[in-house]
Each structure stands twice: as C-alpha cells, then as structure tokens.
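Colleague: For reference, the structure I am asking about is given below.
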Amino acid sequence: MEGLPEEVVLHIFDFLDIVTLSSLRLISTKWRSLADDASLWQKVLMKSFPLQVGQRWMWKIQKTSPDLEVFDYGYSARHVKISSRQEKADGLHPAICVGGELDNDSSEYWEVIINDIARRSIVGVGVAAMGVRMNDLLWDEFGGAYYSDGCTGHSGVLAMSYEPYQKGDVIGVLVSDRCITFFKNRVMIGRPYSNLPLKPLFPAVVLCRRGDSVTFCPHAPAPQEASEI
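Residue 1 is where the sequence shown starts when you use full-length UniProt numbering, and the numbers rise one by one after that.
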C-alpha cells in the first residue's frame, strides 16, 4: 500500500464506508501511516463526504443550539438531518441551526425537507445574519424566515403571508441581491423580503419542540423559476 500511487489508494477507498476507513489503522503499521495522513484523508472526505470538511456547509457546534441534534445520513453526507431534542414540555422553545456563510456575490439556492413537525409546534426556514441568537425565532434584525403556520418574519414584523406547510413538504430558499424568495414543493410562492441585513448571511432553520425534524439539502438543483429571478 505504501508504494501505491495516491490515485490508486483513493480508488480503493471508494469501495469502503467511513466506519471501515477509520478502522484500517488497526491492520498494520503501513495502514496506520495512511490513516494518519491528514492530507490524504481530506481528499477522501471531500470526494465522498463533502459536508464533513467542506467550508461551504461545515457544521460547527458554536453555530448550533444545544437543544438541536445535527447528524448526516450515513449513506450521503450531502443531506444533513437536524432534529430537536428539547426536553421542556410547555410553550415554544426555539433553537436555531445555521450552515456555512452565503456568497453575497452570487445567487444561492437550497432546500429543506420537513421530516416532522411536533403537535403545536412551529418550524421556520430562512436565513440568519451574523450575531443571531441561538434561541431566537429568526424574525428580528438578525434574520428572516417562512414558518410552518404560513407566517413570515423579518425585522421584528410578523405577517400572514403564505399557506402553511407540513410534514413531507419541501421548502426551497433562494437568496440573491439581499432578497429572499421561497418555494414550496419547487413552486415559487413569493418574495417577502428585499432588504436582508448588510451582514454575512447563513442558511438557517428554527425548531421549537421535541419531535421537530428537517433535512438540509444544500446541493438541490434550483427550479426553473429560480433561474429567471
């Protein structure tokens, strides 16, 4: 193994899952040297599991509320699942998770699959600005969102804007020129804000009760309508 070209090693790694890869260092000294090669591991992970090391959608604990559980699907790190583990039974207890910083010089589109919404809860999908509080509802000066009850919120204003969404729906978000446009099941439903904060922006979701669960799909292809905006 030690004398094999790097491209051959990477090809071999294509047939192994991440658990097996991490166990290879126990086989022999030569395998251990490969397992400890940080540059090789980064190339492997970037190829097969881009979200684990890529800057664009790398999850960091300081950007995630402790009331949320963030993990990726074992077979595809391109989809990141987020669930609430809030223990409090009474009232809404919002918790926010944000992804990597958006590119202000280009249009960005992503989707969020609604896996489940707990009884009497609210889920929000939108953006957060630098400085957002991890226990906020994303409707103050630090963000904007489209909520599962049909409301939108931004700059301290809540409005009944669109139809509600529920388990199984897919909410798309397009951010372009400090404007945000929402899609429901890949159909455009409107552009509620055209004055997003002049700060670094991040994709975000807010979950309020135990049982709320969504999946980020950062690499979803944009609908045709999005390319025309």
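Ideal Cβ placement from N, Cα and C applies to all residues, glycine included.
Small disclaimer: the values here were computed from a predicted structure and weren't measured.
Tell me whether residue 111 sits in a helix, a strand or coil according to DSSP, three-state version.
Modeller: For the purposes of this step, residue 111 is taken as residue 111 along the sequence shown, with counting starting at 1. Strand.
Colleague: Would you mind reading off the limits of the beta strand (DSSP E) that contains residue 160?
Modeller: Translated into positions along the sequence shown, residue 160 becomes position 160. Counting along the chain, the beta strand (DSSP E) containing residue 160 begins and ends at 157–160.
Colleague: With distances taken from CA atoms, which of 210, 185 and 175 is nearest residue 196?
Modeller: In the sequence shown, the residue the question calls residue 196 occupies position 196. When only C-alpha atoms are compared, the closest one is 175.
Colleague: The beta strand (DSSP E) that contains residue 207, what's its start and end?
Modeller: Sequence index remark: in the sequence shown, residue 207 carries index 207 (1-based). Here the beta strand (DSSP E) through residue 207 covers 201–207.
Colleague: Return the residue from the list 82, 177, 114 and 123 that minimises the CA-CA distance to residue 153.
Modeller: Mapped onto the sequence shown, residue 153 falls at position 153. The shortest Cα separation from residue 153 among 82, 177, 114 and 123 belongs to 123.
Colleague: Using the rule of at least 16 other Cβ atoms within 10 Å of the residue's Cβ for burial, across every protein chain shown, is residue 106 buried or exposed?
Modeller: Within the sequence shown, residue 106 is the residue found at index 106, counting from 1. Exposed, because fewer than 16 other Cβ atoms sit within 10 Å of the Cβ of residue 106.
Colleague: Is it true that the region 101–120 meets the region 215–222, where meeting means three or more beta-carbon pairs spaced less than 8 Å apart?
Modeller: Yes, the region 101–120 is in contact with the region 215–222.
Colleague: Just the Cα atoms here: how many angstroms apart are residue 179 and residue 136?
Modeller: Mapped onto the sequence shown, residue 179 falls at position 179. Mapped onto the sequence shown, residue 136 falls at position 136. Computed Cα separation, rounded: 21 Å.
Colleague: Going by beta carbon distance, what residues of the same chain come within less than 6 Å of residue 194, once the five residues before and after it are set aside?
Modeller: Position 194 of the sequence shown, counted from the first residue, corresponds to residue 194. Here the set comprises 179.
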